[in-house]
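Presented below is the structure to which this report refers.
In my numbering, the protein residues as written are 15 to 497.
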């Protein structure tokens, strides 16, 4: 059952109980007042009849020769014709004998009168009882006197049907009124409960959307009551859940990115290893070149091992700091050239080097990954038998590396998205060259970790120049000492 209908039923139930109790109290009070009025009329009527009979009995008592019982009957007739109302009748009982019955003078059966009227009745006092005879209600009032040493009872019987008809009509009227009030109240309660429960139903609908994966939905806070507070808490919970889900998605993405980046990055050293291994397998080379090939295979294998650990720390574990050391630019550039030479020879591309000697501050293996990626991208964008320039120069407190090619170049849109994960400027060419669109995103992460600034200048058909500004060793050491 909907909460709305529960609210209506509970309110109608309590309203019915409240109206019933109120009606019972009002009707009962009205009936009691009406009954007391009827009772007072009955008592006054009994007093009046008693006074009239007693007054007439004075003459009878002063004439002892008269028949006392017969005189009582005559006195009853006189009283009946003079003062008794149409709603009442009365009886005269002397001793335990009915002397007079104004309804039927011939019927003197004492059993017509309730026996309770005679019990515990003292001289000068009155008894009254309420009796139902067939469909009528009567009030019996009796008074007691002693005449000629005999108990004389004067009993009046008053019809009170009007009082009970008033009671029944009030009950009927109130029942009808109660049905009307409950019907109207039900309509009003329906609309009121609908207005009150609409925010809950909307919140329920939003919860369904949220459960189905739409984490952007939020509840509309339209009041500052408990429902509004519930909506606000739901929004807080939804925001918290969304943040946690976003964190989980980011974590999953980072793991996927790690696998993709690591797979991409092992390609270059593996290419070098495979190239030198193939040379040793298929060609007769001198012992000197053989040893050189062994050395490159070993060094690239070690670099692959070191790089995998660095990538794991950098991407997967998300460490905020990297271990920096002083790097000699000349030997650093020479190592990069030696690593790239076998793959450049396939397209007969000349790698020109113009490196000013200097000391920079950084993590050697990660920076080597940066420039290997940049030179490899330049190779992919260049034609056969073209050349690539790799140079470095000192400017003030910074050292600027540049990788320049005269290949196909990129438009502004490509430059804008070049660091996006899996973005490829030329998908067919990149896939043909074995790329996966992850190299530049990794370059961006590594340079960000080094606090380096970089710039890309490119235009279609005019090649690309990428400049990287690294801190020199002295200024970097001073900065860290100051921190």
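C-beta: ideal position from N, C-alpha, C; glycine also.
Strictly by DSSP, which residues pair up with residue i?
i: residue 151; result: 146
i: residue 412; result: 409, 485
i: residue 111; result: 108
i: residue 38; result: In DSSP, residue 38 forms no bridge with anything.
i: residue 164; result: 161
i: residue 468; result: 482
i: residue 85; result: According to DSSP, which records beta bridges pairwise, residue 85 is partnered with nothing at all.
i: residue 156; result: 141, 169
Quick check on residue i: does DSSP put it in helix, strand or coil?
i: residue 365; result: strand
i: residue 73; result: helix
i: residue 60; result: helix
i: residue 132; result: coil
i: residue 184; result: helix
i: residue 250; result: helix
i: residue 170; result: strand
i: residue 403; result: strand
i: residue 266; result: helix
i: residue 103; result: strand
i: residue 299; result: coil
i: residue 231; result: coil
i: residue 476; result: coil
i: residue 92; result: helix
i: residue 419; result: strand
i: residue 237; result: coil
i: residue 122; result: coil
i: residue 32; result: helix
i: residue 21; result: helix
i: residue 117; result: coil
i: residue 46; result: helix
i: residue 390; result: helix
i: residue 353; result: helix
i: residue 16; result: coil
i: residue 396; result: coil
Is it buried or exposed, residue i, if we count other Cβ atoms within 10 angstroms and call 16 or more buried?
i: residue 284; result: exposed
i: residue 110; result: exposed
i: residue 371; result: exposed
i: residue 93; result: buried
i: residue 35; result: exposed
i: residue 24; result: exposed
i: residue 449; result: Since pLDDT at residue 449 reaches only 44, below the 50 mark, its modelled position is unreliable, and no value is offered.
i: residue 104; result: buried
i: residue 22; result: buried
i: residue 494; result: Residue confidence for residue 494 is low, a pLDDT of 45 falling below 50, so the modelled location carries little weight; the figure read from the coordinates is stated next. Exposed, because fewer than 16 other Cβ atoms sit within 10 Å of the Cβ of residue 494.
i: residue 18; result: buried
i: residue 186; result: exposed
i: residue 354; result: buried
i: residue 67; result: buried
i: residue 189; result: exposed
i: residue 331; result: A caution first: residue 331 carries a pLDDT of 36, below 50, which makes its placement in the model unreliable, though a value can still be read off. Residue 331 comes out exposed.
i: residue 146; result: exposed
i: residue 225; result: exposed
i: residue 310; result: buried
i: residue 228; result: exposed
i: residue 139; result: exposed
i: residue 127; result: buried
For residue i versus residue j, is the C-beta distance shorter than 8 Å?
i: residue 367; j: residue 417; result: no
i: residue 484; j: residue 351; result: no
i: residue 173; j: residue 156; result: no
i: residue 299; j: residue 388; result: no
i: residue 363; j: residue 396; result: yes
i: residue 87; j: residue 113; result: yes
i: residue 392; j: residue 478; result: yes
i: residue 41; j: residue 184; result: yes
i: residue 413; j: residue 343; result: yes
i: residue 377; j: residue 336; result: yes
i: residue 218; j: residue 233; result: no
i: residue 192; j: residue 32; result: no
i: residue 460; j: residue 365; result: no
i: residue 404; j: residue 466; result: no
i: residue 454; j: residue 432; result: yes
i: residue 151; j: residue 131; result: no
i: residue 158; j: residue 137; result: yes
i: residue 122; j: residue 116; result: no
i: residue 214; j: residue 195; result: no
i: residue 406; j: residue 415; result: yes
| Counting pairs of Cβ atoms below 8 Å between the stretch 424-431 and the stretch 461-474, do you hit three or more? | yes
| request: Determine contact between the stretch 38-52 and the stretch 173-182, defined as no fewer than three beta-carbon pairs at a distance below 8 Å. | output: yes
| Are three or more beta carbon pairs between the stretch 180-194 and the stretch 151-169 nearer than 8 Å? | no
| Would you say the stretch 198-208 touches the stretch 225-243, given that touching needs at least three Cβ pairs under 8 Å? | no
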